[in-house]
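To convert, note that position 82 of the sequence shown is 82 in our numbering; the numbers rise steadily by one, no gaps.
Glycine residues also receive a C-beta, built at the ideal position from the N, C-alpha and C atoms.
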Amino acid sequence: MEVDREKVVAWLKEKWKVPTVCPVCGHNNWNILAQAWEAREYHGGPMMARTKLLPFVSVMCNFCGHTLLFNAIALDVVERPQEAEDEDG
Ligand SMILES: [Zn+2]
């Protein structure tokens, strides 16, 4: 889903206090995507309907592809996911 990219940039400017060079390649050329991505809790088998989700915003190094993930809830760019019990059915 789309997120407010300017809000992500502002959050990073406020919180990113160490040098902003990539820890892998040393370049300083990041791509901040304007979408939230999700990771699901791993259960070791087929995907389960009721599982916890974590939403992320990704920041990728344009030179080597190293990617940093920031919790999109902490950045306040997405709503906290509804609990599985809230699903219909
Ligand atoms: Zn890099």
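- Cα atoms of Lys52 and Arg80: separation of roughly 11 Å, rounded to the nearest angstrom.
- Between the C-alpha atoms of Leu75 and Val8 there is a straight-line separation of about 7 Å.
- Remark: the shortest separation between the CB of Val59 and any heavy atom of ligand 1 does not fall under 8 Å.
- Taking the C-beta atoms as reference points, Pro55 is found nearer than 9 Å to Trp37.
- In the pairwise beta carbon analysis, the segment 4–23 is classified as not touching the segment 39–51: fewer than three pairs are separated by under 8 Å.
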